[in-house]
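Please read the structure below before turning to the comments.
2 protein chains.
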Amino acid sequence: MRIGELSRATGIPVPTIKYYLREGLLPAGELSSPNQAAYGEAHVRRLRLVRALVDLAQVPVAQVKEIVASLDADDVPLHDQIGRAHRALIPARKQTASAEAREVATAEVRELLQRRGWQVEADGPALATLIETVATFHTLGQQNLVGFLDAYAAAVEQFTELEVEAVTAHPTRDQVAESVVIGTILGETVISSLRLLAQESISARRWS
Amino acid sequence: MRIGELSRATGIPVPTIKYYLREGLLPAGELSSPNQAAYGEAHVRRLRLVRALVDLAQVPVAQVKEIVASLDADDVPLHDQIGRAHRALIPARKQTASAEAREVATAEVRELLQRRGWQVEADGPALATLIETVATFHTLGQQNLVGFLDAYAAAVEQFTELEVEAVTAHPTRDQVAESVVIGTILGETVISSLRLLAQESISARRWS
DNA sequence: CGTTTATGGATACTGATACTATCCATCGGA
DNA sequence: TCCGATGGATAGTATCAGTATCCATAAACG
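Sequence lines, in order, name chains A and B.
Just so we're aligned: 31 in this note's numbering is position 31 of the first sequence, and the numbers increase by one with no gaps anywhere.
Just so we're aligned: 1078 in this note's numbering is position 78 of the second sequence, and the numbers increase by one with no gaps anywhere.
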């Protein structure tokens, strides 16, 4: 397959594919001569994944690069590879809350993890984001939202158990890593959409 | 309060505050003379909200403008105002999936809503995003993820009931609308962080 | 075999977003 | 009275995500 066919197969313009190649979102094709490369089904799959992340999940290109790099790093133990993919999925966020608010939030989150018996890295980005957000609840005068943490955590626990199970059931390791990425990122847009729909449905029922 | 004090109170540079004023994220201060305006506590609150949305939740400035406009539109029935706020919270996404995939996804989502008895607008953006995402599961060869829809919906139902209840319990209508915005947007980052932490904790337990 | 079209690679340009910087006439406080 | 801050306008900057152009070469067609 040459680049034009790759473009037709995916609906992505040739210049954009060239851009993705430059940025390392897509591995180079097999070169047969200095200006002739062959692409395969793997490239089509990869491009579809990139587009889903960029267009649907609105993941920045730089972050997509990290994500696909983790998918291609299959020369380490599977567990390490999944860890790397998982880390690449978490966006960096600016710290915004005051130090005092963050301290209060840190304590609240720590207690939550204790209550639920969750064992997580003490300095991971997901934990930092959670703490920052809870701290922001305080600075915005929405302390009552802190009370929802347990309800959210309990709900999340339910399906996460199933997700982890499903992921480990995949036959090949490429599929395992890829399904971690897709399941986590697109799963988030699913959950978010469902939440908005549930809010709409429930509040409509309450007002009629 | 003059703009310098507003800047000191929030930690936001004066030029940025001027930019937010220009963009309509912040209402103008009370003008006492052509180059002298007074800002109040409401401005401090609003700036904190804007910063939380922009920095923490990474909402684009143009969308924040819609959101705050909905908060200020308190001359319509509360129910309409909340509807407008709710709509402003849903980002627009490009359509990416093929027509066939979208058709399959539409049927699957429709059945889901039927099963759960959710009554929602047939052409809302949240529904469109959900359909688009399910369609993408198909084009990425991750049909198995469609099986998670019920688990996600069931989990989401649990806490949404509580959320709607809590929101309606607020004493004043500004607080109602504002807590819809904060609860929905920051609630999403909380849920997302908790999900990642749960994944980390559960998969660590499974591999040790 | 010659001509048109496509290709890989490099470099330059574009439009959108989110600020920053500068300017200026005016105002308020020491 | 005079110096720094203010409101408002306009211009400049950095980053991001592509697009566009150019070129020498290679493939496809008549």
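Using N, Cα and C, we set each Cβ at its ideal position, and we do this for glycine too.
As the structure is a prediction and not an experimental result, all values here were calculated from the model.
**Report entry** Enclosing beta strand (DSSP E) for A:Ser32 [first to last residue]
**Finding:** Glu30 to Ser33
Report task. Using three-state DSSP, classify B:Ala1097 as helix, strand or coil. Result -> coil
Query raised in the report: First and last residue of the beta strand (DSSP E) that includes B:Gln1036?
Result: Gln1036 to Ala1038
Query - Below-7 Å beta-carbon distance, A:Ile67 vs any chain B residue - result: no
Query - the stretch 140–152 of chain A in contact with the stretch 1084–1103 of chain B per 3-pair CB rule at 8 Å - result: no
Query raised in the report: Taking C-beta to C-beta, are A:Thr189 and B:Thr1133 nearer than 7 Å?
Result: yes
**Report entry** N-terminal and C-terminal residue of the alpha helix (DSSP H) that B:His1170 is part of
**Finding:** No alpha helix (DSSP H) contains B:His1170, which DSSP labels as neither H nor E.
Query - Cα-Cα separation between B:Ser1032 and A:Val109, rounded to whole angstroms - result: 46 Å
Query raised in the report: Grouping DSSP H, G and I as helix and E and B as strand, with all else coil, what is A:Ile12?
Result: coil
Query raised in the report: What whole-angstrom Cβ distance do A:Leu71 and A:Glu178 have, given they're in contact under 8 Å?
Result: 6 Å
Requested in this report: Put A:Ala92 into one of helix, strand or coil per three-state DSSP.
Outcome: coil
Requested in this report: Decide if B:Leu1162 is buried, meaning its Cβ has at least 16 other Cβ atoms within 10 Å, or exposed.
Outcome: exposed
Report task. Note down, in chain order, every chain A residue with its Cβ under 8 Å from the Cβ of B:Gln1119. Result -> Ser201, Ala204 and Arg205
Requested in this report: Please list the partners that B:Asp1055 has in chain A, where partner means a Cβ-to-Cβ separation under 8 Å.
Outcome: Arg93, Lys94 and Thr96
Query raised in the report: Where do the N-terminal and C-terminal ends of the alpha helix (DSSP H) with B:Ala1042 fall, by residue?
Result: Glu1041 to Arg1051
Query raised in the report: Quick one: is A:His138 near chain B, going by C-beta distance under 7 Å?
Result: no
Query raised in the report: Are the stretch 1010–1020 of chain B and the stretch 1137–1144 of chain B in contact at 8 Å, needing three or more beta carbon pairs?
Result: no
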